[in-house]
Amino acid sequence: MPDPLPDLSSLRLAYTRAELRRADLDPDPLRQFQGWLGEALQAGLREPYALSLATADASGRPSVRTVLLRGADERGLTFYTNYESHKGHDLAQNPQAELLFFWADLERQVRAYGPVERVSEEESTAYFHARPRESQIAAHASDPQSAPIANRAALEARLAALQAQYPEGTPVPRPDFWGGYRVRVQEWEFWQGRENRMHDRFRYTWEGEGWRIERLMP
Ligand SMILES: Cc1cc2nc3c(=O)[nH]c(=O)nc-3n(C[C@H](O)[C@H](O)[C@H](O)COP(=O)(O)O)c2cc1C
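If you count by this note's numbering, then the sequence shown holds residues 1 to 218, one letter each, in order.
Structural data, given as structure tokens:
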């Protein structure tokens, strides 16, 4: 039996590290995000480029999981995965997503919402080959991602068969079912924790020609 949990309703922290003022915001939310992610990296946070990716299927059933951010530029935010996975099926039915970064040590949260598209084949291939060889082979082994598999031994047998198929020195091709998605962000929210729940929140909304910036109730 695990030890009993403490009373969760009594656990709370005071957020006192920083404040976020309207005047501090970059007019461009991408630059605001890049600044915050840069600070998270400099602060030595563990994998601050890991994010929660929320999707939904055609019926509206939501699902969420962690993926790694692999690009953030004026085109959008990019991550890589298996197109046949649960998230891949959701995005085929309903190509929009919300992304969430939570940087606890900085008392910050960022949300980004937008339509999702696949990155180009060339981009996916270039990134696939930039990954370690073991990860390339593992991408082949874990297909279809998210499908049940009998046991660990069956998974390792698949890996061994692929290692024999692609011996050291031979290139591992990018599988068709593996590649990137890009979220073309239309709405961002930056949240800075403050004392007594009086947090600072700012939303940027794309209005076709520029970004509208609004402070939100905490
Ligand atoms: C820190 C961390 C990073 C991850 N990065 C990725 C990633 O970049 N791409 C990916 O497909 N899965 C990644 N995963 C695994 C996913 O969370 C998830 O288990 C997998 O993609 C299957 O999700 P799905 O069944 O919802 O499609 C990561 C998990 C963790 C905890």
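Cβ atoms here follow ideal geometry from the backbone N, Cα and C, with glycine treated the same way. Keep in mind it's a predicted model, so treat the numbers as computed, not measured.
Report task. Could you tell me the distance, in whole angstroms, from the CA atom of Tyr15 to the CA atom of Met217? Result -> 17 angstroms
Requested in this report: Go ahead and label Leu91 buried or exposed: buried means 16 or more other beta carbons lie within 10 angstroms of its beta carbon, across all protein chains shown.
Outcome: buried
Report task. Starting from the Cα of Gln163, find the closest Cα among Arg131, His140 and Leu11 and give me that residue. Result -> His140
**Report entry** Cβ-Cβ distance between Leu25 and Gln34 below 8 angstroms
**Finding:** no
Query raised in the report: Sorry if obvious, but does the Cβ on Asn94 come closer than 7 angstroms to a heavy atom of ligand 1?
Result: no
Report task. Would you check if the stretch 172 to 179 and the stretch 134 to 151 touch, i.e. whether three or more CB-CB distances between them fall below 8 angstroms? Result -> yes
Report task. Could you tell me whether the Cβ atoms of Val183 and Ala97 are closer together than 8 angstroms? Result -> yes
Requested in this report: Check the C-beta distance from His199 over to Ser146 and give it rounded, since I have them as a contact under 8 angstroms.
Outcome: Rounded, the Cβ-Cβ distance is 35 angstroms, inconsistent with contact.
Report task. Taking Trp103 as the reference, give the member of Pro6, Pro29 and Ser52 with the closest Cα. Result -> Ser52
Query raised in the report: Opposite Glu98 in the DSSP bridges: which residues?
Result: Ala54 and Tyr113
Requested in this report: Compute the Euclidean distance between the alpha carbons of Asn196 and Arg12, then round it to the nearest angstrom.
Outcome: 10 angstroms
Query raised in the report: Span of the beta strand (DSSP E) holding Tyr127?
Result: Segment Glu121 to Ala130 is the alpha helix (DSSP H) holding Tyr127; no beta strand (DSSP E) there.
Requested in this report: Between the Cα of Gln192 and those of Ala54, Leu106, Leu8 and Ala112, spot the shortest distance and give me the residue it belongs to.
Outcome: Leu106
Query raised in the report: Grouping DSSP H, G and I as helix and E and B as strand, with all else coil, what is Ser63?
Result: strand
Report task. Tell me Glu74's beta-bridge partners as DSSP assigns them. Result -> The partner list for Glu74 (beta bridge, DSSP) is empty, contrary to what the question assumes.
Query raised in the report: What residues in its chain sit with their C-beta under 7 angstroms from that of Arg215, if we drop five residues either side in the sequence?
Result: Arg22, Arg201 and Phe202
Query - Nearest-residue set for ligand 1, Cβ under 7 angstroms from any heavy atom - result: Glu47, Ala50, Ser63, Arg65, Thr66, Val67, Leu68, Phe79, Tyr80, Thr81, Asn82, Ser85, His86, Lys87, Gly88, Gln145 and Ser146
Report task. Using 10 angstroms around the beta-carbon of Gln42, count the other beta-carbons present and answer buried if the total reaches 16, otherwise exposed. Result -> exposed
Query raised in the report: Rounded C-beta distance between Trp211 and Pro27? I'm assuming under 8 angstroms.
Result: 7 angstroms
Query - Beta-carbon proximity check, Gly180 vs Ser124, cutoff 8 angstroms - result: yes
Requested in this report: Just mark Leu8 as buried or exposed, buried being the case when its beta carbon has 16 or more other beta carbons within 10 Å.
Outcome: exposed
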